[in-house]
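J.: Here it is, the structure in full.
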Amino acid sequence: MHTLPNAPEETTGRPGASMQSIAAVVMAGGAGSRMGGVNKPLLRRSGITLLGGILDAINDTFGTALWHTVVVGPQSLDQELSARSNTTRVQESPVLAGPAAAAACATESLANRAQEAGTQPDVVALLAADFVDPSQALTRMRHEIERHPGRLVVPRDSQGYPQWLMSAVPYAQLLDRVAEERAASAAEHSGKDPFVGQSLRWILGADTAVFVDLPASASDATQDIDSPEDARHFGIDLP
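Just so we're aligned: 51 in full-length UniProt numbering is position 51 of the sequence shown, and the numbers increase by one with no gaps anywhere.
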């Protein structure tokens, strides 16, 4: 796999350290079936959409290290994204093909952008669009990304469960994984998309992960919204 130069390095404030460039991928395409089919990323909390909240947290946390953001989701998100710079929306095909398909679609979008730009990110952060308040967890993840360069980093919540939709993976590793699966599928002449119905755990290669524990306060704030009861509990406005 041909790789491009990484983005210019910047200091982190730690002597002798360099800041890795980070591409963010926001998964915003779920069906919301347990919420009656509502478009969860566009639900509002304190006047701000959940999608807007995660995008703000990404910008605030990664700052100048943010290489680009890709939002994977439907066209109905375009108005919310219209004022966002350095952000691209894509959608997996077929629609609702699952998190691995969404991650593959976003990775290929990043690869196209990298080819045009002549640089590539070091890391891809894979994030859900319906976190309540991800800022503290993202700050912790940025620290862990710098502590474990070149490794898949997966946080665990206060109950010890891996949070794959708050993980960070080396860009080159993810790009190679996507390319390998595409090539294997083409060689089989099956006509099937290898990513449809697959999990993030599968595409990321869980056996290589470094697991890090989130503090309880950060873990609670990254609970996603799966039911009207969840929404009411976290003060989210329902249509």
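Ideal placement from N, C-alpha and C gives every residue a C-beta, glycine not left out.
What you are looking at is a predicted structure, and each value in this text was computed from that prediction instead of being measured.
(1) Which residue wins for smallest C-alpha separation from Thr-119, given the options Glu-180, His-68, Gly-47?
(2) Give every residue of the same chain whose Cβ lies closer than 6 angstroms to the Cβ of Glu-181, excluding the five residues on either side of it in the sequence, and list them in chain order.
(3) Drop a sphere of 10 angstroms on the beta-carbon of Leu-204, count the other beta-carbons inside from all chains shown, and report buried for 16 or more, exposed for fewer.
(4) Under 7 angstroms Cβ to Cβ from Leu-174, same chain only, skipping five residues before and after it: list those, please.
(5) Given a threshold of 16 other Cβ atoms within 10 Å of its Cβ, counted over all protein chains shown, does Asn-86 qualify as buried or as exposed?
(6) Sorted by chain position, which residues of the same chain lie with C-beta nearer than 8 angstroms to Met-1's C-beta, five sequence neighbours on each side aside?
(7) Figure out for me which residue from Glu-92, Ala-57, Val-70, Leu-110 has the closest Cα to the Cα of Gly-197.
(8) With a threshold of 6 angstroms on Cβ separation, who are the neighbours of Ala-65 within its own chain once the five nearest residues in sequence on each side are excluded?
(9) Where are the alpha helix (DSSP H) runs, 4 residues long or more, that stay fully inside the stretch 137 to 194, in chain order?
(10) Measuring straight from C-alpha to C-alpha, what distance separates Asp-207 and Glu-116?
(11) Within 8 angstroms, do at least three Cβ pairs link the stretch 134 to 149 to the stretch 161 to 170?
(12) So Leu-127 is in the beta strand (DSSP E); what residue range does that whole segment cover?
(13) If we ignore side chains and look at the alpha-carbon of each, how far apart do Pro-8 and Arg-232 end up?
(14) For the alpha helix (DSSP H) containing Leu-238, name the first residue and the last one.
(15) Using a 10 Å radius around the Cβ and a threshold of 16 neighbouring Cβ atoms, would you call Glu-229 buried or exposed?
(16) Assign Ile-58 to one of two classes, buried (16 or more other C-beta atoms within 10 Å of its C-beta) or exposed (fewer than that).
(17) Along the chain, where does the alpha helix (DSSP H) containing Ile-225 start, and where does it finish?
(18) So is Lys-40 buried or exposed if we call it buried at 16+ other beta carbons inside 10 Å?
(19) So what does DSSP say about Arg-45, is it helix, strand or coil?
(20) For a test of the three-state rule: what should DSSP assign to Gln-79, helix, strand or coil?
(21) Taking 8 angstroms as the cut-off, does the stretch 207 to 226 touch the stretch 148 to 156 (at least 3 CB pairs, one atom from each stretch)?
(22) Report the rounded CA-to-CA distance for Asp-224 versus Ala-83, giving the unit in angstroms.
T.: Working from what's here:
(1) His-68
(2) Pro-194
(3) buried
(4) Thr-107, Val-124
(5) exposed
(6) Note that Met-1 scores 41 on pLDDT, short of 50, meaning its location in the model is unreliable; the coordinates nonetheless yield the value given after this. So the qualifying residues of the chain are Ala-172, Leu-175, Asp-176, Ala-179.
(7) Glu-92
(8) Met-19, Ser-21, Ile-22
(9) 171 to 188
(10) 33 angstroms
(11) yes
(12) 123 to 128
(13) Low confidence applies to Pro-8: its pLDDT is 40, below 50, so where it sits in the model is not reliable, and the reading given next is rough at best. One C-alpha to the other measures close to 44 angstroms.
(14) Per DSSP, Leu-238 belongs to no alpha helix (DSSP H) and is neither H nor E.
(15) exposed
(16) buried
(17) Ile-225 -> no alpha helix (DSSP H), and no H or E assigned at all.
(18) buried
(19) strand
(20) helix
(21) yes
(22) 25 angstroms
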